[in-house]
Each structure stands twice: as C-alpha cells, then as structure tokens.
Amino acid sequence: MLKIEANDSHRVTLTLNGRERSGNARPRTLLSDFLRHELGATGTHVGCEHGVCGACTVRVDGVASRACLMLAVQADGRRVDTVEGLAGDDGPLSDLQAAFRRHHALQCGFCTAGILNSCADFLGRERDPSEAQVRDMLSGHLCRCTGYTGIVRAVLEVAAQRREQRQEERDDV
Amino acid sequence: MEALEQPAAAAPQGEVGRSRERVEDDALLRGAGRYGDDLAVPPGTLHAAVLRSPHAHADIRSVDVTRALAVSGVHTVLTGEDVRNWAAPFPVGVREPMEHWCLAVDRVRYVGEPVAVVVAEDRYAAEDALGLVDVDYGLLSPAVDAEAAAAPEAAVLHEGVGSNVVSERHFHYGEPEDAFAAADHHVSLKVRYPRNSCTPIECYVVLASYDVAAGAYDVSANFQGPFALHSVMARALQVPAPRLRLRTPADSGGSFGIKQGVFPYVVLMALAARKAGAPVKWVEDRLEHLQAASSATNRVSTIEAAVTAEGRVTALRYDQLDDCGAYLRAPEPATFYRMHGTLTGAYDIRHLAVRNRVVLTNKTPTGLNRGFGGPQVYYALERLMQHIAATLGLDPLTVIRRNLVPPEAFPYRAPAGSLLDSGDYPAAVELAERDGGLAELRERRDAARREGRYYGIGFCAAVEPSISNMGYITTVMTPEERRKAGPKNGAVSTATVSVDPLGAVSVHVSSTPQGQGHRTVAAQVVADVLGVPFESVTVNVELDTQKDAWSIASGNYSSRFSGAVAGAVHKAATRVRDRLAGIAAGPLGVAPETVRFAGGRVHAGADDGSASMSFHRVAGAVHWAPGTLPEGEPGGLRETAFWTPPELAAPDEGDHINSSLCYGFVFDYCGVEIDPVTGAVRIDRYVTLHDPGRILNPQLVDGQVRGGFAQGLGAALMEEFAYGDDGSFLAGTLADYLIPTSMEVPEPVILHMETPSPFTPLGAKGVGEGNNMSTPVCIANAVADALGRADIELPLTPARVRGVIGIDEPEPPAGLEPAAAPRGGGSGLRASDSVTMPAPPETVFHRMLEPATLAAIIPGCHELEATGENAYRADVTVGVGMIRARYEARITLSELDPPHSLRLSGVGESAMGSAEGSARVRLTALDDGGTRLDYDYEAAVGGKVAAVGARMLQGAARVIIGQIFTRLAAELGGGQPSWWRRLADRLRGLVGRGGGRS
Numbered sequence: 181m182l183k184i185e186a187n188d189s190h191r192v193t194l195t196l197n198g199r200e201r202s203g204n205a206r207p208r209t210l211l212s213d214f215l216r217h218e219l220g221a222t223g224t225h226v227g228c229e230h231g232v233c234g235a236c237t238v239r240v241d242g243v244a245s246r247a248c249l250m251l252a253v254q255a256d257g258r259r260v261d262t263v264e265g266l267a268g269d270d271g272p273l274s275d276l277q278a279a280f281r282r283h284h285a286l287q288c289g290f291c292t293a294g295i296l297n298s299c300a301d302f303l304g305r306e307r308d309p310s311e312a313q314v315r316d317m318l319s320g321h322l323c324r325c326t327g328y329t330g331i332v333r334a335v336l337e338v339a340a341q342r343r344e345q346r347q348e349e350r351d352d353v
Numbered sequence: 002m003e004a005l006e007q008p009a010a011a012a013p014q015g016e017v018g019r020s021r022e023r024v025e026d027d028a029l030l031r032g033a034g035r036y037g038d039d040l041a042v043p044p045g046t047l048h049a050a051v052l053r054s055p056h057a058h059a060d061i062r063s064v065d066v067t068r069a070l071a072v073s074g075v076h077t078v079l080t081g082e083d084v085r086n087w088a089a090p091f092p093v094g095v096r097e098p099m100e101h102w103c104l105a106v107d108r109v110r111y112v113g114e115p116v117a118v119v120v121a122e123d124r125y126a127a128e129d130a131l132g133l134v135d136v137d138y139g140l141l142s143p144a145v146d147a148e149a150a151a152a153p154e155a156a157v158l159h160e161g162v163g164s165n166v167v168s169e170r171h172f173h174y175g176e177p178e179d180a181f182a183a184a185d186h187h188v189s190l191k192v193r194y195p196r197n198s199c200t201p202i203e204c205y206v207v208l209a210s211y212d213v214a215a216g217a218y219d220v221s222a223n224f225q226g227p228f229a230l231h232s233v234m235a236r237a238l239q240v241p242a243p244r245l246r247l248r249t250p251a252d253s254g255g256s257f258g259i260k261q262g263v264f265p266y267v268v269l270m271a272l273a274a275r276k277a278g279a280p281v282k283w284v285e286d287r288l289e290h291l292q293a294a295s296s297a298t299n300r301v302s303t304i305e306a307a308v309t310a311e312g313r314v315t316a317l318r319y320d321q322l323d324d325c326g327a328y329l330r331a332p333e334p335a336t337f338y339r340m341h342g343t344l345t346g347a348y349d350i351r352h353l354a355v356r357n358r359v360v361l362t363n364k365t366p367t368g369l370n371r372g373f374g375g376p377q378v379y380y381a382l383e384r385l386m387q388h389i390a391a392t393l394g395l396d397p398l399t400v401i402r403r404n405l406v407p408p409e410a411f412p413y414r415a416p417a418g419s420l421l422d423s424g425d426y427p428a429a430v431e432l433a434e435r436d437g438g439l440a441e442l443r444e445r446r447d448a449a450r451r452e453g454r455y456y457g458i459g460f461c462a463a464v465e466p467s468i469s470n471m472g473y474i475t476t477v478m479t480p481e482e483r484r485k486a487g488p489k490n491g492a493v494s495t496a497t498v499s500v501d502p503l504g505a506v507s508v509h510v511s512s513t514p515q516g517q518g519h520r521t522v523a524a525q526v527v528a529d530v531l532g533v534p535f536e537s538v539t540v541n542v543e544l545d546t547q548k549d550a551w552s553i554a555s556g557n558y559s560s561r562f563s564g565a566v567a568g569a570v571h572k573a574a575t576r577v578r579d580r581l582a583g584i585a586a587g588p589l590g591v592a593p594e595t596v597r598f599a600g601g602r603v604h605a606g607a608d609d610g611s612a613s614m615s616f617h618r619v620a621g622a623v624h625w626a627p628g629t630l631p632e633g634e635p636g637g638l639r640e641t642a643f644w645t646p647p648e649l650a651a652p653d654e655g656d657h658i659n660s661s662l663c664y665g666f667v668f669d670y671c672g673v674e675i676d677p678v679t680g681a682v683r684i685d686r687y688v689t690l691h692d693p694g695r696i697l698n699p700q701l702v703d704g705q706v707r708g709g710f711a712q713g714l715g716a717a718l719m720e721e722f723a724y725g726d727d728g729s730f731l732a733g734t735l736a737d738y739l740i741p742t743s744m745e746v747p748e749p750v751i752l753h754m755e756t757p758s759p760f761t762p763l764g765a766k767g768v769g770e771g772n773n774m775s776t777p778v779c780i781a782n783a784v785a786d787a788l789g790r791a792d793i794e795l796p797l798t799p800a801r802v803r804g805v806i807g808i809d810e811p812e813p814p815a816g817l818e819p820a821a822a823p824r825g826g827g828s829g830l831r832a833s834d835s836v837t838m839p840a841p842p843e844t845v846f847h848r849m850l851e852p853a854t855l856a857a858i859i860p861g862c863h864e865l866e867a868t869g870e871n872a873y874r875a876d877v878t879v880g881v882g883m884i885r886a887r888y889e890a891r892i893t894l895s896e897l898d899p900p901h902s903l904r905l906s907g908v909g910e911s912a913m914g915s916a917e918g919s920a921r922v923r924l925t926a927l928d929d930g931g932t933r934l935d936y937d938y939e940a941a942v943g944g945k946v947a948a949v950g951a952r953m954l955q956g957a958a959r960v961i962i963g964q965i966f967t968r969l970a971a972e973l974g975g976g977q978p979s980w981w982r983r984l985a986d987r988l989r990g991l992v993g994r995g996g997g998r999s
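Protein chains in written order, with my numbering: chain F, 181 to 353; chain R, 2 to 999.
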C-alpha cells in the first residue's frame, strides 16, 4: 500500500478525457481541487464540498463520482472524464449537450457539468429510462435555476434518439 | 462606397418575441464558462480563509495570531485592528448610532461573523491556521427571536441605539379608521415568514489586490449589484470611487439576489491584500455561505382587513416586524420598502394603515433574495384573503374577484403610491380558471374529501413589481429627513452598442446576469433594430467600473433586465441605426427617415425590392472613410444609452412612493393532498398564470417561471435557516438546509397573457420573481384549506404539518425507549441511560474521582491535569459527522454523595465552537456484587459543530457520553479495554444485547 506523509507531495498521473495528465498532490488534496487548480480543468465546479449538491460530479473509470469526496491520490492511474471531454476539442456539442441547449436545461450553468456527467453514465446503463428513473438519477444534483423540467426533457429525448439510432443501425444490417 | 444593387431575399422574421437557443449555452455546456473561481490569478496570489465567530453574541477581549503565523505557508492574519486603521464602517440606511465593519472589531453579533482573515500560500494552509488564532470571547446574552428582541428587556445588540428596534415608521393612506368603523367584519391574522435563501450553487468569490503606489484597490468578485453599493464599498475603504476598481466575471453561478451580499467581503479581501502585500483570493465554502452570507428577512405580520358582508375589503392595517439580523446591511431595510407602494397587492383597496418596525437580532444580516419583500407581503395579504373567505363562508376565488383592480382603472394609483401600469386582472383570472382546469381540480378535491382524505385548493393573486425605484428606500426616512438628505429616485439603465471597422456589432450591458440569458435577449433586440443576423451580434456582460458605462442602478435585481436594460439596448441600437441611416441616405438617394435595416442590408425604402447597400459597407465608412460622411457625423460608431423612467419619482410629503416602474400580474392556484400518516404535502396540480407585459423570449420567460416556482416550493415546504435559542445556527450543510430536487418539483401548468407596459421602451415588464412571491402562500393556502386551519407556518415540513393535524404518535414497541426530544435550543440534548459495573458502588465512586481513570474514560482525552479539588483541565478531541474539534475543557466532579451519586460536568471551547455537558450519576448496588450506574445528562453544543452536525448531535452525544461509562465499566473489569474487547462490545451492541448495558 502506498504511504505518503501528510505534507509530502505525490505525483498523480491519470487519464483526463483520454489524455495522460499528471500533477502534484498532497495526501489531502481533493480530486476536485486537483482537477481545477493543478490540471486547469475548471469545467468541474465545486458547490458544497460535502457531496450533496453534485456539481463536481465526474466519471472515474466511467462511473459518476463526486470529485469533492475523493482524494486526488485515489484517482492515480485511473481514467477521469469531465465535462470538457463530452464534445470533441473543436467539434460540435454531443447529443446530450445539444439537447440541454434545446430544452433550456441550464441557466447559470454552474450545476450543469455534474449533471451532464451523471446523465452520461446513466444513459450508458439505461437505454429505455422512464421519467421516474430520470428524476431519481437527477435527485443526486441540486439545480437552483431551472426547476429541472428542461433537464428531464433533454435526457428523455436523448434516450429516445439513441434508441431510434440503434434501431436504424439494426435495420441497416 | 459600394454600388447600389437590388435586394436579395425577404427580410428575416423579427427576433424579439421568439424563443432562441441561448448564445450563452455552448460554452457553459463544454465546461468553458468563466466563473469567478476560474479566472486566472496574478503570480504570487495568496489564499484567504475567514475565522468566524462560534458565538451569537460576545465581546472580543483579545485576538492573538502568534500561533497561526507560525504555521508553514501562512503569510499574515488580518484582524479588527487592521480594519480600524484602514477602513471605516459601512454607511447604514437609518440614522442610528451603530457600526457595521467588514470584520468584527470589538464584538461579535452572529454565529459566522468574520473575526480574522488568515492569508496563506494555499487554502489548505490558511484553514489549518484558523484553529490557531486565539480569540478570547466574553459571552453575552443573545437576542434571537424577532418579537422577543423587540421587547424592552431583551439583550441589546448595539448599545448606542439603546434598543434593538432601529427603525419604526407609521403610514396612513386614505381614511382607514372610518373604513374599519363602517365595516361589517374585521378579519385579522398573525403570520410569520421564515428565514430562507435562494442559495446559488456557486458561493462567493473575491480576488483582490492593492496598488500601494496609487493607493487603489482592484477587485474581481461575483457581485451582482446594485452598483449603488460600489459607493458603500469605496466609502468603507476610504478611497475615491475610481480607486476601487470592481470587475465582475463573464459568468456567474446563480445569485437570486444573494450575491449582493458579497460586498462586505470585497472590502475585507481588499484589506487582506493590502496587509499581505500580494493579491488575495477567497472562495467561500458552503458552510460559510449558509450560515453567514445572506438571508431573506424573516417577518412577523399582523394584518387586519375591514370587510363588507359580501367580502369586499375596504381597508387594510399592517403591523410588520422585520428581523434584519445583526446589522442593518445596505440596502436594508429595503425588504419593507421595495413593496411599500404595492401593499394592497392586486386589489382596489383605498384605505391603508401601516406600522413598520425593524428589529436587529443575533442572526446573519439579511439582504436581497429573489422576490425581495414580496413573499413576506403576499404571505400576509393572501393568507388573509383566504382567511376572510373561510371566516365569511365564501369561496376564496370569489373574495379575490370582488377586490381586483378593475381593468378600466389602469394606470391605477394604489393608495401607498404604486402606479400599476397595465393589466386586466379579471380576464387573467378567468383565463387561468379555464385553461388550468379549476373545475376539474375542484371535482378532485370533492372526491378526495368524500373519501376522508386531506385535500385543499389554494389561490394567490399577486402584483409582481419590477425595475425598482432607487429612491424607495428613502421611504424609511420621515419627509423632513428626506428634505434634508435630498431626493433620491429613478433607475438608470445602461447599454452600449458599437460597430467595428468590419461592420460587426457588439453590445455591452451593465446588468451582471447570473444565468438569465441577457446576452441572448440583447442580441435579439439589436438584431431587430439593425437588421443584422442574431448570430452576428456579440454581447459582453462583464462589468469593469473603471471602463464601462454604469450607474447606481446597474446590476441584476428587481427583474429589471427585460423592462429597463433591454430598453436601453434598444435605445443605443436605435441611435446607431439613426446615424447609419443618415450616412446611407445620401448614397441611396432618399431621406434618412425612409432608410430601413433588414437582412444585413440597408434599404432605401420599406419595400424589400428597394435599392440597398450592405450593412458592413455603410458602417465601415465611419472608420475607413470618415471624410465621406455627411456634415455633423463625427465618425466612429459607439453609442451608450442611459435610460431612466420619469414615472419613478421620489417619495412625496405624504409618503406615497411608486416603488417600481412595472407591475406584472401573477395568478396561481394549486391542489394539494396531505398524507395523513407522514404529514407530507403532495402538489397535485400547480397552475401559474403570468402577465409580464410584452414577452421578449418565451422560452426564457418559462425558464424564469419554472425556476422561481421551484424556489417558491422550497420556501413553502422545505427550506429554513434554523437557529437554536442560543443563536447557534443549525442548517449549515445542504443535508440540513433542504433544497428541492427533481423528485420534489412537479411540472407547473404555465399560462400567459401579454398586456404591454406603457412605460418601458419595449413594453416588457420583469418576470423573474413572481413565483417566489406567489408560490409559498399559494401552497400555504391550499394546506390551510385542506386542514381547515388558519394557524399554519412555513416551511410546511412533514413534521410541522403533522403537528397541525395533531396525529398521535403510536406507542413505541415494548422495551424500546423513545428518543428524548431536544431541549428548547436546537442543540440542547438530554437523555438517560444505565450501565452495569463489575464492582461495588464504593469502588466505582472512588475510581471516578481518580484523575487517571478520568483520563482513560473520557473519549478523545489527550491530557488531563488537576486544577483544584475534583477539578481538571483537559484537552479533548471530539468528532461529529465530518468534523473534529479539539476542545480545551474544564472538567469538574461535584455534588458528591459517596457512594450514591455525583455530578460529572464539562465545559469546552474549540475553534469549532463551544460545548458543555453535565451528567448526574446514581449508583445502586446489585445482588451479584456489581453496581448499576444510572445517568441523566444535558448537553449543549454551539458553533460550527452545531451548524453542520445538528441532525447527528443527538446520536453523537448518546455515543460519546455512553462511552464514558462503558469505558469505566471496562476499567473496573481490568485495565484498558482492548481493541478486540471494544469490537466484541460493538458486535454485541449490533445484535441487540447492548454491550455493557443491563
């Protein structure tokens, strides 16, 4: 087991949005602080630092996780995906991002990064979610601007679009 | 110049009035927003952490920073002494001798009040050092409850004032006494509106630096205005306004009024940067935000109506008490006066009497919060309308209808001065009744009631004011005081439109948006005026007080964008258009008045088939060929428009005040069902109708309605900043301060009407705050209807609703003791338990008096030294939930009655607040030679531990105090309990055989 003294700096290397990145972290450095201030990935936002608001949600090895409840050293050697990786570097918005824009699913946008990450994880697992399932998934996030309506609609629409696409792909074969 | 050519395709459809995908969203969805904490910081920037008071009311005897400065990485600590040297107290809105500094200088008056600022190389080091700033507090009695604090015997916060009531004003409009004397009925109600906050997900951020050569401060902060507060900040820093350069970032993570309250921290961090000699950044954390950022004003209202037998209200009498917290922080007491002209709501009531009192208490200072002043007024007025109906046996909607301002009366001057600009309230009510399905909702209610279920329908008719009169706050002064001070009025909005050398259009507005989509709407307005594509217009919303056009009304509050700022944008764009028309008129061979802008071209006439030139060619001439311009045209193209509406006059000699420019109309109703077992309130249907004047962008309007509705629902059912009787703050995490999630917020039925305002350039009114005003009381009225009760209080949590219903708790199963209820103060804890000791009472008693035993049995005890007979000083570390605190404790054993009983007491202080506890211990000999030890304890915890751990304290106290006696049993059983013994105890506890318990 890795042992690091309290004030020692440890080199953490992870795969951020498909690219290997590394930086220094002390044992108590939060993953959220490491991503934002050490790696400069400020798309991940910090809203409460006690795991309730969900704004800092990223995907660690594909699983939605609170970056404020994880230490940077725990992410060493793992794959971390953040909002910055959802669309290609200079490419168009992903289907999920475009649906958020269409449905006015964001206003200030501060909670949005975390919500997008939870939705990305969720839609990868649930191909035919009901509104109740979507609302249950979203209940891990606090949004103060939208009243959630646009978010729920956007997620349901993307799920339906992806089902159609899969159907078309099957029909083509 | 370009040759004239024939026009291309038809002009585009107008932008204004269309739903448009927002120009803001692409960046935000990619994580490329630029919020306060994302801005690049200058090299050498240090990081601040704020030491906050754990006490509600205490004198600061001394602050010793020696140990904090010794922490590696700590550069400096700012204290009250520095603040006294470099700054001044903030100006206060009433003429009373009280001082509010950005940092407590001699006394703390609320839990969370800043006491010192540690500046270090990173935030972690700064927070480490907080616990090593030694503050000696002399505790004072707190005044927590608003009504108790207003009583003569209450502890006084500001001794210079001599009372906690810092403002009292009486107002009289019409002939209320005559109306009351003539009335068939007097109906009255006393209601309390609680403390809550719309709590943005992004907390406060400040980045400050000090230029010692210029004596100037440069601060970036996610401040939202009103920029009248820039003057307040500059005066506190004792610099001319240009030497406080204040900038706001491009994006803001929500505000809802709350980020007005960052202004004291702008001053505080500016001073910290000066002390540190380096730029200083501070990012508020959630605990700081909840306990000390800002709060809606809690209000106690007694409201009485003079009513005819038919339910017509002829007069109203308000007696209002606003609790503004520990300091009257600017712009308070504005919670009262924002709504002052509108106290009669949507009703034609001609006679009005008002008493307004402002009381200060040992709680966080209040400030702007979406709906500002509205939820408090409508909670009283609309609860009263419902109560009138219930009292007179009338339908609530009938009472509302009989009193609405009639459509032919607009513009309607309300008795206290509001000039209701436009509307058709009866038609709106009818529309909502029909399209929202009220008849069907009534059937659902009747069916539910036939089955014995609790179902109710609530209504709310509200006027939604927007575009505040900057002079309304002076209504708190007497006419004579106002004469001396000079008039204040108006609301200047600002916008700049410029065209660059390649013909591209840019807009700047000083409206500091926080997610409302101002960039999108400004682009829509300009695209229409200049006939250029929406996508081609660039809008910048950053504000820099040194370079941009702004005025005191700048900022984002009072729903002023669509009515006022979009109007200023329209004016600035129109000036640009008129200049370009003058330039193009010559080459097009027509008079400037006939020149028309559409499709990116400048046309000679109204007909799309007329001759035209491209927009960028005409605009380019002002930069590239000023010599070709007509006489009087100066060249360059940048127009700044300032706009203030003449209707916003200062309060008059009779205290009439048109407190806002526009008054939209909101009519809501809802059906709710109450679970008779849990007390949970379920919204069956919520209908909300809005008439916000002309709608500029329908999608954004619905977005505002949904967001406001969700917040109103939270205020109705979930949210409260709870305080203990000792002033301890009990809602310090988002697990304690509950915000609605996607599971709690239903989809409201949204309906629209459009009655344009005659007073704004585009006919638009504000629409951002209506549901924050209407939804709490609409739901409360439905609950009152469901329960047939008038005495309901917000928030209507399941526990509170159960209390109103009076559901009996079922008896606990045999052998299970119910948990003891907390004593009065939220952190007060008491319980009883017993433990079996493997030794006779004499031995147990004797061992408890030994210091070595005490040191071994007190959990987390590091050191214990005797300070007298049966008195000790100890260092004790205690953890509750996520936080651990190291207490410096005094432990005493008293009331000794060997070998029968004694009292074990402890009092501790830590950086996380204070704790005290006392256990009465009784020993009874058992037949097997052992002893049964019974104990009753009382404990109280304050400060941060109470704020973040309130819901865990009961359990934590039980465990910690229980440990003392189980460890004593282990000691008596032979030495320290080993780890496997503790594990075995724990396992036995888990399977229900209760460790050392009998």
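We put the beta carbon where it would ideally sit given N, CA and C, even for glycine.
Under 9 angstroms between beta-carbons, which chain F residues line up against residue i? List them in chain order, please.
i, result
"R/D65", "None at all; the shortest Cβ gap to chain F is about 25 angstroms."
What residues of chain F sit near residue i, judged by a beta carbon separation below 8 angstroms?
i, result
"R/G255", "Q287, C288, F290, R324 and C325"
"R/L735", "C228, H230, V232, C233 and L322"
At 7 angstroms on the CB atoms, spell out the chain F contacts of residue i, in chain order.
i, result
"R/F710", "G327"
Give a yes or no on whether 8 angstroms exceeds the smallest Cβ distance from residue i to chain R.
i, result
"F/T222", "yes"
"F/S319", "yes"
"F/D241", "no"
Would you please state the rounded distance, in angstroms, between the beta carbons of residue i and residue j? I believe it to be under 8 angstroms.
i, j, result
"R/V949", "R/T734", "5 angstroms"
"F/V243", "F/V260", "In fact, because the Cβ distance is near 11 angstroms, the residues do not count as touching under 8 angstroms."
"F/T237", "F/Q287", "About 18 angstroms separates the two Cβ atoms, so there is no contact after all."
"R/A331", "R/V267", "Wrong, their Cβ atoms sit about 13 angstroms apart, outside the cutoff."
Starting from the C-beta of residue i, find all residues in its chain whose C-beta is less than 7 angstroms away, skip the five residues before and the five after it, and write them out in chain order.
i, result
"R/G672", "L442, R445, R446, Y456, I458, D685, R686 and A783"
"F/V192", "S202, G203, A205, F214, A252, V253, A255 and D256"
"R/V959", "Per the sequence shown, the amino acid found at residue 959 of chain R is Arg instead of Val. Same-chain partners within the cutoff: A832."
Go to residue i, then tell me how far its alpha helix (DSSP H) extends in each direction, as first and last residue.
i, result
"R/C862", "First-last for R/C862: C862 to G869, but that is the beta strand (DSSP E), not the alpha helix (DSSP H)."
"R/N773", "G771 to L788"
In the DSSP assignment, find the beta strand (DSSP E) that holds residue i and state where it starts and stops.
i, result
"F/M250", "Note, F/M250: premise wrong, no beta strand (DSSP E); not H, not E."
Please compile the residues from chain R whose C-beta is within a distance smaller than 9 angstroms of the C-beta of residue i.
i, result
"F/H190", "Here the premise fails: no neighbours, minimum Cβ distance about 14 angstroms."
"F/Q277", "D26, D27, L30 and R31"
Below 6 angstroms CB to CB, which residues in the same chain sit around residue i once its five sequence neighbours on both sides are set aside?
i, result
"R/A217", "R244"
"R/T595", "G606"
Run through chain R and tell me which residues come within less than 8 angstroms of residue i, C-beta to C-beta.
i, result
"F/E264", "R31, G32 and A33"
Strictly under 8 angstroms for the Cβ-Cβ distance: is residue i near chain F by that measure?
i, result
"R/S743", "yes"
"R/I779", "A small correction: the amino acid at residue 779 of chain R is Cys; Ile does not occupy that position in the sequence shown. Not one chain F Cβ lies under 8 angstroms of R/C779."
What does residue i touch in chain R if you count any residue whose Cβ is under 7 angstroms from its own?
i, result
"F/R282", "E22"
Only counting the same chain, and skipping five residues up and downstream in sequence, which positions put a Cβ closer than 8 angstroms to that of residue i?
i, result
"F/G289", "none"
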